[in-house]
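Q: Residue 4 is where the sequence shown starts when you use my numbering, and the numbers rise one by one after that.
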Amino acid sequence: MDGGAAELRETHRLTGHADRAWSLAWNPNPGPGAGPVLASCGGDKTVRIWKRAPDGVWDCSDVLDGVHERTVRSCAWSPDGKLLATASFDGTTAIWEYSGGDFECVATLEGHDNEVKSVSWSQSGSLLATCSRDKAVWIWEVQPGNEHECVAVLQGHTQDVKMVQWHPVLSVLVSVSYDNTIRVWADDGDDDWHCVQTLTEADNG
4 MDGGAAELRE
14 THRLTGHADR
24 AWSLAWNPNP
34 GPGAGPVLAS
44 CGGDKTVRIW
54 KRAPDGVWDC
64 SDVLDGVHER
74 TVRSCAWSPD
84 GKLLATASFD
94 GTTAIWEYSG
104 GDFECVATLE
114 GHDNEVKSVS
124 WSQSGSLLAT
134 CSRDKAVWIW
144 EVQPGNEHEC
154 VAVLQGHTQD
164 VKMVQWHPVL
174 SVLVSVSYDN
184 TIRVWADDGD
194 DDWHCVQTLT
204 EADNG
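#1: Our contact map puts Cys-134 next to Gly-159 with C-beta atoms below 8 Å; I'd like the distance itself, whole angstroms only.
#2: Are Leu-17 and Trp-61 closer than 8 Å when you measure CB to CB?
#3: Starting from the C-beta of Gln-146, find all residues in its chain whose C-beta is less than 7 Å away, skip the five residues before and the five after it, and write them out in chain order.
#4: Please name the residue or residues paired with Arg-186 in a DSSP beta bridge.
#5: In or out: Ser-43 buried (at least 16 other Cβ within 10 Å) or exposed?
#6: For Gly-148, which three-state DSSP category applies?
#7: What's the call for Asp-195, buried or exposed, on a 16-neighbour Cβ count within 10 Å?
#8: How many Å lie between Asp-22 and Val-75 at the Cα?
#9: Quick one: using the 10 Å Cβ neighbour count with 16 as the cut-off for buried, is Leu-157 buried or exposed?
#10: So, for Met-4: in the same chain, excluding its five sequence neighbours on each side, which residues have a beta-carbon less than 7 Å away from its beta-carbon?
#11: Go ahead and pull the three-state DSSP assignment for Leu-173.
#12: Compare the C-alpha of Val-154 against each of Asp-163, Gly-148, Glu-144 and Thr-161 and name the closest.
#13: Anyone know if the C-beta pair for Ala-97 and Val-70 falls short of 8 Å?
#14: In angstroms with no decimal places, state the Cα-to-Cα distance between Leu-41 and Glu-100.
#15: Given a cut-off of 8 Å on the beta-carbon distance, is the pair Asp-68 and Lys-85 in contact?
#16: When burial is assigned at 16 or more other CB atoms within 10 Å of the CB, is Ser-102 buried or exposed?
#17: So, helix, strand or coil for Leu-130, using DSSP?
#18: Where do the N-terminal and C-terminal ends of the beta strand (DSSP E) with Glu-107 fall, by residue?
#19: For Met-166, which residues of its own chain have a beta-carbon under 6 Å away from its beta-carbon, when the five flanking residues on both sides are left out?
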């Protein structure tokens with residue numbers, strides 16, 4: 004400790020990906036009595052599920068593969084912790100469900116014209132946002148039977164959309180792009196999504 008500053012130290016190193024690891028996500032609700040659960044994804048086209056045992060040791064419990072054909076760039080758990088969405092450079096987003104002790108790919112979302120770079124669930128878990136190198140943001144509505152309907156395609160960015168993120172409480176979505184802007188999107192109340200503000204360098208200060 005120096006001047007009251009906390010010292011961070013490495014306690015574990017998780018190894019297993021055969022290529023660079025791109026993203027990770029904590030399961031917000033792993034279930035009663037379960038320890039922490041982490042998902043990671045990478046350039047080896049796989050997703051790994053890591054669980055911490057009561058003795059503090061982390062182990063890879065599952066490897067999700069055979070679905071994506073290129074790098075898995077982003078992963079995100081649904082708020083209830085039951086579904087995992089993974090976005091890939093192959094242009095698809097996969098939805099995985101944990102059931103009967105195994106993960107199963109229950110849906111593959113297609114529509115983007117290029118690499119999918121980020122995925123994010125809304126706070127309610129009823130909407131999923133994806134973004135792509137095709138400069139678009141898609142909003143998907145979760146339907147019964149693991150169906151997902153695209154309810155909006157948001158256009159406006161002039162370069163790759165790097166990331167999407169829902170507000171933790173409000174029905175507001177933000178997207179960031181290589182065009183140096185952040186766009187704020189909201190539903191007008193009639194299920195019609197609009198960009199309500201574009202944040203640029205000119206907004207500094």
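Ideal Cβ placement from N, Cα and C applies to all residues, glycine included.
Nothing here was measured: the structure is a model prediction, and the numbers come from that model.
A: Working from what's here:
#1: Actually they are not in contact, since the Cβ atoms of Cys-134 and Gly-159 sit about 12 Å apart, beyond 8 Å.
#2: yes
#3: Glu-152, listed in sequence order.
#4: The partner list for Arg-186 (beta bridge, DSSP) reads Ser-178 and Thr-201.
#5: buried
#6: Here Gly-148 carries a helix assignment [DSSP, helix/strand/coil].
#7: exposed
#8: 11 Å
#9: Residue burial is scored here from C-beta neighbours: Leu-157 has at least 16 other C-beta atoms within 10 angstroms and is therefore classed as buried.
#10: A caution first: Met-4 carries a pLDDT of 47, below 50, which makes its placement in the model too unreliable to give a value.
#11: coil
#12: Nearest option by C-alpha distance: Glu-144.
#13: yes
#14: Roughly 15 Å between the two C-alpha positions.
#15: no
#16: exposed
#17: strand
#18: 105-113
#19: Ser-121 and Val-179
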